[in-house]
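Novice: Residue numbers (this note's numbering): 15 to 95.
Heads up, the beta-carbon is just placed ideally off N, CA and C, and yes, glycines get one too.
Treat the numbers as computed from the prediction; the structure is a model and nothing was measured.
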């Protein structure tokens, strides 16, 4: 059992080191100006959705979300960024 645990730990460590090496070497192009591979697209989509879901649990959607005045004000805020 002890050897199994050490083997699993070594496999996880090797996987993490490999992933870190791929990221550090810039092998995966995550720029917005080039199309992503299917795997990269799915990984980025998953990461984005999880990040949003973990931070938006208590947000209440305004009843007037589609109101033209609200949209205009929001567009102005967006343009200012």
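What alpha helix (DSSP H) runs, 4 residues minimum, are completely inside the segment 18 to 69?
Specialist: Counting only runs of 4 or more, we get 52 to 69.
Novice: Does DSSP classify residue 94 as helix, strand or coil?
Specialist: Helix at residue 94.
Novice: Taking the C-alpha atoms as reference points, what is the distance between residue 13 and residue 46?
Specialist: Here the chain covers residues 15 to 95 and nothing more, so residue 13 does not appear.
Novice: I need the DSSP call for residue 76, collapsed to helix, strand or coil.
Specialist: DSSP places residue 76 in coil when its eight states are reduced to three.
Novice: Rounded to whole angstroms, what's the CA-CA distance from residue 32 to residue 42? Just pull it up for me.
Specialist: Answer to the nearest angstrom: the Cα atoms are 13 angstroms apart.
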